[in-house]
Structure formats: C-alpha cells, structure tokens
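Colleague: Below: one structure in structure tokens.
Number of protein chains: 2
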Amino acid sequence: MSGKKSSLTVADVARAAKVSKATAARVLGGYGIASETARKAVLEAAETLGYQPNDLARSMSTGRSGLVGVIVGDIENAFFSQAVRGISDRLRAADLNLIISNSSERLSEEIEMVSVLLRQRVAGLIVAPTDARRVDHLKAAVASGTPVVTLDRRSPDLEVDAVCGDDRGSVAQVLHRLHEEGHRRVAYVTAMMTADGRLGKLEDIGISAVRERISSFLAQMRDTGVETPADLVFTGASDDGSTADIVTRILAQSPSITAILASDSLIGARIFRELSDRGLSLPQDMSLVSWFDADWTRVTSPRISVVDQPTYQFGQKAAERLISRLKGDDSPAQTFVVATPLVERGTIGAPKGRGPVEIPD
Amino acid sequence: MSGKKSSLTVADVARAAKVSKATAARVLGGYGIASETARKAVLEAAETLGYQPNDLARSMSTGRSGLVGVIVGDIENAFFSQAVRGISDRLRAADLNLIISNSSERLSEEIEMVSVLLRQRVAGLIVAPTDARRVDHLKAAVASGTPVVTLDRRSPDLEVDAVCGDDRGSVAQVLHRLHEEGHRRVAYVTAMMTADGRLGKLEDIGISAVRERISSFLAQMRDTGVETPADLVFTGASDDGSTADIVTRILAQSPSITAILASDSLIGARIFRELSDRGLSLPQDMSLVSWFDADWTRVTSPRISVVDQPTYQFGQKAAERLISRLKGDDSPAQTFVVATPLVERGTIGAPKGRGPVEIPD
DNA sequence: TTGTATGCGTTATCAG
DNA sequence: CTGATAACGCATACAA
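Protein sequences, first through last, are from chains H and U.
Positions 9 to 369 (this note's numbering) are the ones given, in order, by the first sequence.
Positions 9 to 369 (this note's numbering) are the ones given, in order, by the second sequence.
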C-alpha cells in the first residue's frame, strides 16, 4: 500500500453516477433536492467507489466545524476524565466531536490551547479556567463568536454559562455535620500554592471553586468561634512530601485539630496514607472528608466520607449548554449549580480528647 | 458582541500591509522568502488587526491536518486516561492536537469513530482495537494513507506499529511467584463476556491483551499440573453483582483456590471489596494480584500487589511511533513491548490450608 | 524578492 | 429538478 492521501471527491462520484457535481453534492451532503433516480445513482456510485466525505472542506464552506474544544486541568485526574466522558457522550449525540487538551492548570498553557483550538475553528469551547481573574483569551473567543462554557469554575468577568458544584453549600454542610459531632477545629488542605505557604488574600485564589470553598470554610469556622480560621487552611499539598509535612503540622496542633477536609481526591488519598502510616485510626484519632467520590474511597477501612461531585453530570450539563448555544440560544449567561452532597461513610466520628501523638521525624 | 464568525484573512492583512496576498501568506505561514521590510509590515499589520490563521483552510491546502485521532475503550478508566495523557504530551511537542473518542469497547462504535475521524482527515490514528479479528476499518485507514498505531493491543491482520504490555511474561512471572509461595490453583478473573459464562475458544477473545494473558495463564497452570485450567478462568466480571457471584464461586472451590488474578484494576477493586466484606483477610485467606497500578491499590490494608502497566509510557511510545510514521518512516511495522513488572506489596502470601469458608447468600 | 493565478473539496447561488 | 460557477482561506507553481 503506497499510502496516497488522495481520496475520492464528489466530482469522482458525480462522474461515475453520470450526473453533475452539484447534484452529487446535494445528495451526498443531504441538502437541497434531487430526484429519486439521481439520488439512487449517486448513492450507489458512492457506495461502490467507497466515497468518504471530507469534513474539512465541508467546514471550510459552511464555516461550521463539528469540533468542540475541551480544556481541562489534567485528564489523568478522574475528576476531569469523568467529566470528559460526560461531555463526550452528550456531544456524540449531537454529532459533535471532541478535541481535548490539558492546561496542567497553567494559565500560559491554557491561553496557548485556546489559541490553537480557535485556529482549528472549533464550534465551541468547554474550559475549566485556571485563573478566574485572567480570562481575556476566553472573552476574546466569545467576542469572536465562539461560545464558551466553563466547567467546575466560573469567572465574574466572563458572561458565559458555567456548570459548578455547590462549593459553599457543601463546605457548610460538612462543617455543620462535623460540628454536630463535636469537632471545633477542622483543617482544610488544598493543593493550591501560595508564595509563603500561608493563605493570602482570597481574591488571589485563581481557581474559583477553591476560593469559594475556602471562603465558606473561613466564614463557617469564624461563626463557630474560631478566631483565626486562616491558620486552619493548609496550602501546597501537591505531592507526597508536602502532604506529609502538612499532616505533621496538623498533628502537631493535636489535639485541637480533630478533623481534616481534603480539597480533592488526590490529596485525600495522600492524607489517608499518611494517617494510616502513622498508625492513627479513623475516625477515632482523626475524622476525614475528601472531595470527589473516587474509586479509592470505597476500598479503605473504614471507607472515606466524601463530598460527591458528580462530574460526569457536570460534563453532560456543560455540553448540553454549549449545544444549546450552538443552536442559537442567546438567553443571558447562567450558572448551573449541581448538588454536591456529603456522602457519609466511615470517617466521620466523635473526636476523642487525646494526648499528643508521636510524630516520627 | 453580536458573535459574527467572520475572522480576518491573509487578504485583509495583505491589504493593510500594502503587499500582495502571496507575500502576506508567506510570512504568516512561515514559508518561502520575504524581505525584512515586507515581513515587518505584515507582522505588524497582523498584530494590530488581530489576525488568527485558519488551520482548516491551511489543512485543506496542504492536505495535512494537525489532528491525531485517538480511540480508547473508556476514557473514564485511569488505564486509558493515563495513556491519553502520555499521547497528549508527546503530541503537543510535535504541534499536533488530539481528537478523542470512546468506543465503549464496542466494535460498532469503533468503526463509526474511525469513519468520523477519517472524514475529519486526521493525520493519524491511535487505537486500542476492541476486536483483533475485525480490523478491516483500520486496514482501510492504513491503505488510504492514514498511519495507525495500536495501543495496548495488536492484531495479526494489521501491519502497523503496536505498543503493548508484556502480557504473557507478566502472567508467567506472577504465577511463578505464586507457585513458589505454595499456590497451586489460581483463579483468573476478567470482564470479558462469553456466551455461556464459560471460557470458549481462545481465538474468540477479541481483545488481544486479554487473550494473551489467558493463553499464558492456561499454559502455565497446565505446566504446573492443573488438568483443567479453563475451569479457573472466570469471565463476565463487569459489575458489582457479577463479580460478587464470581467470588462466591471461587470461594466455593475453597480451599483449593488460594489466589486470584484480576485482569484490570476495576475488577481488582471489586474483588477486594467482596473479599473484605466477607471478612476474609489478605493474604492469609486469599492472595490477590491486580493488573494496573491504580491509586486505590495503595490505600488498602494491606496494599495490593499489582502488575504495573505504565500506560503513560504506552501512550508516549505510541505517539512517538505515529509521529515518526508521519515524518515518513516506512520501516516494517513493529510491536513494542513495554515491561509490565510485578510490584509486590502486601497481598501475596503463603496459602493456608483452611476449611470451607462461610458464604453468605 | 514579489505578485498572479490556480487548486484543495465542499457548499451555495442562480440561471436553465 | 439540474447544472454551471463562484466562493471559503490558504498554499504554491510559475512568471515577472
């Protein structure tokens, strides 16, 4: 097979069917009108020749491309890959395809990918914006006529549909439940980096979902009598080492901190491992709630209590909104909040007044 | 913003820069030759106008599209999403983009997706073929000049590069290790469906990786004295219920079966849960080895021994081969076998002669 | 070095 | 209903 790239065109089919190019194009493209006889002839010729339409050329002509660009933080993360599956399933039903890219949660890459996708003339964009304050590239996309829907996050500067979890509400629910159980000081652990490892100004948190949760966390903690709730927010849990350090710091505050909230399931897993490795048992020595109902949360003993983020649904809804925009819906931009309920399993329990824990160094 | 899709063209830039369309195209496209003055004028005009090249049109002209199609069984599965990340990273470095689809491990969908991607005139295809015996659509793609690389699987009917794990070898290694430990009868559990729930002819197994492993499994078991090793292969573990049934059947053969091999990490997790729920402790009551080093295998107690399939590397290698083919490499098709070593953690132990286990019904 | 003219495979317009 | 023919935006052979 000499691998020539020259496929057949409507002209070839037309010739074989003994009709004009225009007629062949009409029946093959499924538009306009053609007589039964012509239609049969063309279809038959196309069949025997093995004609494959060229969607590139079609898009060029029509200006529409059947491609939707998706930009996520990390496709390896089940949080996103599940969302992508939701997007993919909905899109397919609308005869749209999905071109996907990773931003690695870096603004520069996100900007680059938007540019690439725009050059490909995607019909629309679904993005989990890395930084809510830096969305000019997305605004430009919208301005030039490419609809955008944001996933899991939103930006006040962006008037587009957004599909988010109920970040504030779920934090409130979890903390309320924990308070009820007797917990007074709870730690919030996030992968987000800050310059000095301490929580800075809330406005400086780029990922809106994270900001919402921390904001809600601080408010709730303050309401229940904690004077400096910012001290309970631990940032930079981006790998095993930093997470181990954080766990050490949390345990050093023992016994005052009696519960931990993990901002995503990767962090949750690392914290759980650290805790087990140090011989602590859950929930007696420490309560733990992780965001995202990941696979691993069901094989531990006890199973992990989680804030269930149904990201497959996030994805479905986002795709749905985009499709609707593509069809011409020009109602005002809207934010869709998907419920993210606390699923209580085995890691929420009453705190026990325990003495200082032995910390290996 | 009234959302008009009409972006600027080279012609607009040319006009603004007071040069011909061809000159503008040359500097914007980065080919051919242009004087410094012309180049500066064009670039400046493009900048101020906000020109964005149209990759669709470019692809039409050149015949090349910067898109690579990827078809996996299920993007939600970490096995594949990790591979996709590997593909994505390598592709990006070569200025290629990734358009992704799910086959849901169904041949009909795979065929459909290949067709869709071919219509989009993708530069190449990376596919995890669902059925090694039904690859005409892939052969056709190759014949028409679109290079194909298969991922994790291969087909004897397909003369294309393939990147696979060492399926036979890893089975041998695991069984050898288990035998050494004293295990004589080992169960192999797979999601693959068979008509009657029993293992049929090996040739009827569509997914090559699965076939290789089972084939190796049967050979090894027979070698070590098991007369009817097919009885040790349990198929159809596709959800919680069916997996529970299988575990029941395995335990019913107790105490002769003393170890279980899980063909993928989803099955592994389900089996682990079943075993724990029934109060068995690993590895005393049962040894367990799962394919794929998934997150969950590190949070259990004990941690799960796994056959580590580095699918990120699978993906990287596959993308690498495709890029190479795209660059014109026409050496004979080759299969690249990536090592998939046994990572021993806590679930391999000596079998204990135990009495019948209580099985709840 | 630059410009002119033509082609890529469709869709779409407008007479026949 | 059908058939020429002109776009679409870019690349490129060839002429200047």
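Heads up, the beta-carbon is just placed ideally off N, CA and C, and yes, glycines get one too.
Name the chain U residues that come within less than 7 Å of F280/H, Cβ to Cβ?
Modeller: Within the first sequence, residue 280/H is the residue found at index 272, counting from 1. Ordered by position in chain U, the residues that pass the 7 Å Cβ test against F280/H are V307.
Colleague: Rank A32/H, P137/H, V315/H by C-alpha distance to the C-alpha of I356/H and give the top, closest one.
Modeller: The residue given as residue 356/H occupies position 348 in the first sequence. Minimum Cα distance to I356/H is reached at V315/H.
Colleague: Helix, strand or coil for V27/H per DSSP?
Modeller: Indexing the first sequence from 1 puts residue 27/H at position 19. Looking at V27/H - three-state DSSP - the assignment turns out to be coil, as it is neither helix nor strand.
Colleague: Anything in chain U within Cβ reach of M294/H, meaning under 9 Å, just list it in chain order.
Modeller: Residue mapping note: residue 294/H aligns to position 286 of the first sequence, counting from 1. Within chain U, no residue comes near M294/H; the closest Cβ sits about 15 Å away, beyond 9 Å.
Colleague: Does D169/U get closer than 7 Å to chain H when you measure Cβ to Cβ?
Modeller: Here the question's residue 169/U lines up with position 161 in the second sequence. Chain H contact via Cβ: absent.
Colleague: Indicate whether at least one CB of chain U lies closer than 7 Å to the CB of Q128/H.
Modeller: As a first step, residue 128/H is located in the first sequence; it is residue number 120 there, counting from the start. For Q128/H, the answer is yes, since a Cβ of chain U falls inside 7 Å of its Cβ.
Colleague: Can S6/U and A149/U be called in contact, C-beta distance under 7 Å?
Modeller: Any property of residue 6/U remains undetermined from this structure, which presents chain U solely from 9 to 369.
Colleague: Should P364/H go down as buried or exposed, given a rule of 16 or more other Cβ atoms within 10 Å for buried?
Modeller: For the purposes of this step, residue 364/H is taken as residue 356 along the first sequence, with counting starting at 1. With a pLDDT of only 38 at P364/H, under the threshold of 50, the placement of this residue in the model should not be trusted; the figure read from the coordinates follows. Exposed, by the Cβ-count rule.
Colleague: So, at 7 Å on beta carbons, what are the nonlocal neighbours of L126/U in its own chain, with the 5 sequence-adjacent residues on each side left out?
Modeller: Within the second sequence, the letter at position 118 stands for residue 126/U. Within the same chain, L126/U has close Cβ partners A149, T154.
Colleague: At which residue ranges does the segment 88 to 171 of chain H contain complete beta strand (DSSP E) runs of 3 or more residues, listed in the order of the chain?
Modeller: Look at the segment 88 to 171 of chain H and you find these whole runs of beta strand (DSSP E), each 3 residues long or longer: 105 to 110, 132 to 135, 156 to 159.
Colleague: For L106/U, go through chain H and note every residue whose CB falls closer than 9 Å to its CB, in chain order.
Modeller: For the purposes of this step, residue 106/U is taken as the residue at position 98 of the second sequence. The answer, in chain order, is I107, I108, S109.
Colleague: Can you give the Cα-Cα distance for T145/H and S111/H, rounded to whole angstroms?
Modeller: Here residue 145/H refers to the residue found at position 137 when the first sequence is read from its first residue. Here residue 111/H refers to the residue found at position 103 when the first sequence is read from its first residue. According to the sequence displayed, residue 145/H carries His and not Thr. Each residue's CA atom was taken as its position, placing H145/H and S111/H some 14 Å apart.
Colleague: Classify R34/H as buried or exposed, calling it buried when 16 or more other Cβ atoms lie within 10 Å of its own Cβ.
Modeller: Position 26 of the first sequence, counted from the start, is the residue given in the question as residue 34/H. Buried, by the Cβ-count rule.
Colleague: Work out the CA separation of L16/H and Q8/H for me, nearest whole Å.
Modeller: A query on residue 8/H cannot be resolved here, the shown segment of chain H reaching from 9 to 369 and no further.
Colleague: Closer than 9 Å between beta carbons: that is the criterion. Which residues of the segment 321 to 344 of chain U meet it against chain H?
Modeller: D338
Colleague: Helix or strand or just coil, what does DSSP make of G58/H?
Modeller: Against the first sequence, residue 58/H aligns to sequence position 50. Coil.
Colleague: For S96/H and chain U, any beta-carbon pair shorter than 7 Å?
Modeller: Here residue 96/H refers to the residue found at position 88 of the first sequence. Yes, its Cβ sits closer than 7 Å to a Cβ of chain U.
Colleague: Apply the 10 Å Cβ neighbour rule to M229/H and answer buried if 16 or more other Cβ atoms are within range, or exposed otherwise.
Modeller: Within the first sequence, the letter at position 221 stands for residue 229/H. Flag for M229/H reads buried.
Colleague: Anyone know if the C-beta pair for A136/H and T319/H falls short of 7 Å?
Modeller: Residue 136/H sits at position 128 when you count from the first residue of the first sequence. Residue 319/H sits at position 311 when you count from the first residue of the first sequence. No, these two residues do not count as a Cβ contact at 7 Å.
Colleague: Strictly by DSSP, which residues pair up with G173/U?
Modeller: Along the second sequence, one-based indexing puts residue 173/U at 165. Answer is V346/U.
Colleague: Determine the DSSP secondary structure at F242/H, reduced to helix, strand or coil.
Modeller: Here the question's residue 242/H lines up with position 234 in the first sequence. F242/H: strand per DSSP, three-state reduction.
Colleague: Please report the straight-line C-alpha distance between V241/H and I134/U, rounded to a whole angstrom.
Modeller: The residue you call residue 241/H lines up with position 233 of the first sequence. The residue you call residue 134/U lines up with position 126 of the second sequence. Cα to Cα, V241/H sits roughly 43 Å from I134/U.
Colleague: Excluding sequence positions up to five away, which residues of its chain have a Cβ less than 7 Å from the Cβ of T348/U?
Modeller: Position 340 of the second sequence, counted from the first residue, corresponds to residue 348/U. Once the five neighbours on either side are set aside, the close Cβ partners of T348/U are G173, D174, S178, V315, D316, Q317.
Colleague: Which chain U residues are close to S271/H, counting only those with a beta carbon under 8 Å from its beta carbon?
Modeller: Within the first sequence, residue 271/H is the residue found at index 263, counting from 1. Per Cβ cutoff of 8 Å: no residues; S271/H is ~16 Å from chain U at best.
Colleague: Does any residue of chain H have a CB that is nearer than 7 Å to the CB of D204/U?
Modeller: Along the second sequence, one-based indexing puts residue 204/U at 196. Taking Cβ atoms only, chain H never reaches closer than 7 Å to D204/U, which makes this a no.
Colleague: Verify the CB distance criterion: does R114/H have a CB-CB separation below 7 Å to chain U?
Modeller: Along the first sequence, read from residue 1 onward, the residue named residue 114/H stands at position 106. False, the Cβ-Cβ gap to chain U never drops below 7 Å.
Colleague: For M68/H, go through chain U and note every residue whose CB falls closer than 7 Å to its CB, in chain order.
Modeller: Taking the first sequence and counting its residues from 1, one reaches residue 68/H at position 60. Within 7 Å Cβ-Cβ: L64, A65, M68.
Colleague: On the DSSP bridge list, what partners appear for I265/U?
Modeller: Taking the second sequence and counting its residues from 1, the one referred to as residue 265/U is at position 257. Answer is R193/U.
Colleague: Check whether the segment 236 to 253 of chain U touches the segment 188 to 208 of chain U, taking contact to mean three or more Cβ pairs, one atom from each stretch, closer than 8 Å.
Modeller: yes
Colleague: Count the C-beta pairs between the segment 76 to 84 of chain H and the segment 337 to 346 of chain H that are closer than 8 Å, then say yes if the count reaches three, no if not.
Modeller: No, they do not touch.
Colleague: I'd like to know if the segment 268 to 280 of chain U and the segment 288 to 305 of chain U are in contact, where contact means that at least 3 CB-CB pairs between them fall below 8 Å.
Modeller: yes
Colleague: Answer with yes or no whether the minimum CB distance from S304/U to chain H is below 7 Å.
Modeller: One-based indexing of the second sequence puts residue 304/U at position 296. Per the sequence presented here, residue 304/U reads as Trp, with Ser not at that position. Chain H, which has a Cβ nearer than 7 Å to the Cβ of W304/U, makes this yes.
Colleague: Going by the DSSP bridge assignment, what does W299/U pair with across the sheet?
Modeller: Residue mapping note: residue 299/U aligns to position 291 of the second sequence, counting from 1. Answer by DSSP bridge pairing, in chain order: V315/U.
Colleague: Assuming R162/H contacts A140/H under a Cβ cut-off of 8 Å, what Cβ separation, rounded to an integer in Å, is found between them?
Modeller: Here residue 162/H corresponds to residue number 154 of the first sequence, with the count starting at 1. Here residue 140/H corresponds to residue number 132 of the first sequence, with the count starting at 1. Between the beta-carbon of R162/H and that of A140/H there is about 7 Å, and that keeps the pair under the 8 Å contact cut.
Colleague: Would you mind reading off the limits of the beta strand (DSSP E) that contains G375/U?
Modeller: No answer is possible for residue 375/U: the residues shown for chain U start at 9 and end at 369.
Colleague: In three-state DSSP terms, what is A270/U?
Modeller: Walking along the second sequence from the start, residue 270/U turns up at place 262. Secondary structure at A270/U: strand, using DSSP grouped into helix, strand and coil.
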